[in-house]
Amino acid sequence: MMNQMGMMMQQQGVGVPGGPGGVGGVGMPGPGGVGVAPGMMQSPQMQQAQQQQVQQQQVQQQQVQQQQVQQQQQQQQQHSQSAQQQAQQTEKVDNISKVKVLVGPLRDALSTTIKTAAQLIQQNTLADAGSKTVDLNNAPRFDKHLEEFYSICDQIELNLKTTKLCMQQCTSSQQYLPIPVATSQPPLPETNALTYNQYLEVVKLQIGYAKDIHDTLICAAQNISPSE
1 MMNQMGMMMQ
11 QQGVGVPGGP
21 GGVGGVGMPG
31 PGGVGVAPGM
41 MQSPQMQQAQ
51 QQQVQQQQVQ
61 QQQVQQQQVQ
71 QQQQQQQQHS
81 QSAQQQAQQT
91 EKVDNISKVK
101 VLVGPLRDAL
111 STTIKTAAQL
121 IQQNTLADAG
131 SKTVDLNNAP
141 RFDKHLEEFY
151 SICDQIELNL
161 KTTKLCMQQC
171 TSSQQYLPIP
181 VATSQPPLPE
191 TNALTYNQYL
201 EVVKLQIGYA
211 KDIHDTLICA
221 AQNISPSE
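Quick note on full-length UniProt numbering: the sequence shown kicks off at 1 and runs consecutively.
Now the structure itself:
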């Protein structure tokens with residue numbers, strides 16, 4: 001009976017007591033004894049692996065966000081470039097716009113001309129006083145800057161005159177020919193509109209008619225005798 005209990009206690013991991021007066025030994029864990037699970041020994045490694053996975057996911061998310069930001073910036077740059085191109089294409093190249101563009105170069109040319117004149121006056125004053133010899137080779141070209149200034153002035157004057165003539169022609173056209181003119185080649189839905197070729201023919205006829213009246217009046221004035 002004792003032997004059977006000892007065997008059972010050894011299987012359960014409990015020490016078998018010794019004989020009378022002896023001290024019971026410490027039992028070795030048997031097959032059914034309480035042990036440590038293998039998963040508990042691997043828990044730090046699993047935690048490290050999970051942390052690494054989380055870090056990798058965060059890095060991937062950051063990379064995806066950076067790519068999205070770069071794509072948005074590229075799209076914005078493309079939109080801005082396309083808008084600039086459209087603005088340049090739709091920009092009116094009329095005489096008033098040309099005058100506005102020439103105002104900046106005119107200001108710069110005037111400033112350069114005045115500075116050059118001041119330098120030449122100072123050099124001539126020093127040369128007259130005899131305190132300095134003037135080097136004609138290195139002297140600033142006043143005539144060149146003045147010519148550039150007058151050239152820009154002529155361009156501005158020409159554009160303004162052209163603008164004035166266009167306005168006068170437009171006013172005369174609206175006064176003597178109020179019919180709208182179709183400036184585009186495709187036919188317009190308006191039935192009371194002239195094409196550009198028809199408009200040119202009408203203008204030519206009006207000019208010829210005015211010339212005939214002018215010649216008739218001159219001939220009549222010449223044929224009238226002083227006595228009459």
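Cβ atoms here follow ideal geometry from the backbone N, Cα and C, with glycine treated the same way.
inquiry  = With a threshold of 8 angstroms, are at least 3 pairs of Cβ atoms found where one atom belongs to the region 121–130 and the other to the region 48–68?
reply    = no
key: Spatial neighbours of ILE96 in its chain, beta-carbon cut-off 7 angstroms, leaving aside the 5 residues before and after   = THR163
task = Compute the Euclidean distance between the alpha carbons of ILE218 and LYS161, then round it to the nearest angstrom.
result = 31 angstroms
request  = Assign THR113 to one of two classes, buried (16 or more other C-beta atoms within 10 Å of its C-beta) or exposed (fewer than that).
outcome  = Burial state of THR113 is buried, judged by a 10 Å Cβ sphere holding 16 or more other Cβ atoms.
key: Whole runs of the alpha helix (DSSP H) within the region 47–123, excluding any shorter than 4 residues   = none
task = Identify which residue in GLN85, TYR150, ARG141 has its Cα closest to the Cα of ARG107.
result = TYR150
Distance, ASP94 Cα to ASP143 Cα = If you take the alpha carbons of ASP143 and ASP94, they lie about 31 angstroms apart.
ask   = Do you know how far the Cα of LEU120 is from the Cα of LYS98?
value = Roughly 33 angstroms between the two C-alpha positions.
ask   = Are ILE152 and LEU102 touching if we call contact CB-CB under 8 angstroms?
value = yes
request  = Measure the alpha-carbon distance for GLN155 versus GLN73 and round it to whole angstroms.
outcome  = Taking the straight line joining both Cα atoms gives about 42 angstroms.
ask   = Quick one: what does DSSP say LEU177 is sitting in, helix, strand or coil?
value = coil
message = Is it buried or exposed, ALA109, if we count other Cβ atoms within 10 angstroms and call 16 or more buried?
response = buried
key: Alpha-carbon spacing of VAL203 relative to GLN84, whole angstroms   = Looking at the two C-alpha atoms, the distance is approximately 40 angstroms.
key: 7 angstroms CB neighbourhood of LEU200 in its chain, flanking five on each side removed   = Cβ within range, chain order: n/a, list empty.
request  = Measuring alpha carbon to alpha carbon, tell me which of LYS100, ASN223, SER131, ALA139 ends up nearest LYS115.
outcome  = ALA139
task = Determine the extent of the alpha helix (DSSP H) in which ASN138 is found, giving its start and end residues.
result = Going by DSSP, ASN138 is part of no alpha helix (DSSP H) at all; its letter is neither H nor E.
key: N-terminal and C-terminal residue of the alpha helix (DSSP H) that ALA210 is part of   = 196–223
inquiry  = Taking the straight line between their C-alpha atoms, what separation do you get for GLN76 and GLN70?
reply    = 10 angstroms
task = Decide if HIS145 is buried, meaning its Cβ has at least 16 other Cβ atoms within 10 Å, or exposed.
result = Counting the other Cβ atoms within 10 Å of the Cβ of HIS145 gives 16 or more, which makes it buried.
request  = Classify SER131 as helix, strand or coil using the three-state DSSP reduction.
outcome  = coil
Rounded C-alpha distance that separates HIS214 from GLN175 = 21 angstroms
query = Roughly how many angstroms lie between the CA atoms of GLN123 and SER111, to the nearest whole one?
reply = Approximately 18 angstroms, taken between the alpha carbons.
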